[in-house]
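Asker: Next up is a structure, given as structure tokens.
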Amino acid sequence: MIEEKLLKLRKKQGYSQQEVADFLSVTRQTISNWECGVSQTKGY
């Protein structure tokens, strides 16, 4: 559920994953993982 909201809000604002990552000081891959519902705590 949160994954869908993150993706929808990012696209609505017209931001790329890289732009969001830079703003949050994380990697683009982290943003991608969040949007796909993958987290380090799940052990993937």
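Numbered according to UniProt numbering, the sequence shown spans residues 1 to 44. Just so it is clear, CB atoms sit at the ideal spot from N, CA and C, and this is done for glycine as well.
DSSP three-state label for Ser-25, please.
Answerer: In the sequence shown, residue 25 corresponds to position 25, counting from 1. DSSP places Ser-25 in coil when its eight states are reduced to three.
Asker: Reducing DSSP to helix, strand and coil, say where Ser-32 ends up.
Answerer: On the sequence shown, residue 32 is found 32 positions in, with the first residue counted as 1. Ser-32 falls in the helix class under three-state DSSP.
Asker: Do you know how far the Cα of Ser-16 is from the Cα of Cys-36?
Answerer: Locating residue 36 in the sequence shown gives position 36, where the first residue counts as 1. Locating residue 16 in the sequence shown gives position 16, where the first residue counts as 1. Cα to Cα, the separation comes out at about 15 Å.
Asker: Assuming contact is defined by CB atoms lying nearer than 9 Å, are Leu-6 and Trp-34 in contact in what I supplied?
Answerer: One-based indexing of the sequence shown puts residue 6 at position 6. One-based indexing of the sequence shown puts residue 34 at position 34. Yes, the pair counts as a contact, with Cβ atoms nearer than the cut-off.
Asker: In this structure, how does DSSP classify Glu-38 when only helix, strand and coil are distinguished?
Answerer: Locating residue 38 in the sequence shown gives position 38, where the first residue counts as 1. One detail in the question is off: residue 38 reads as Val in this sequence, not Glu. Note: Val-38 maps to coil in three-state DSSP.
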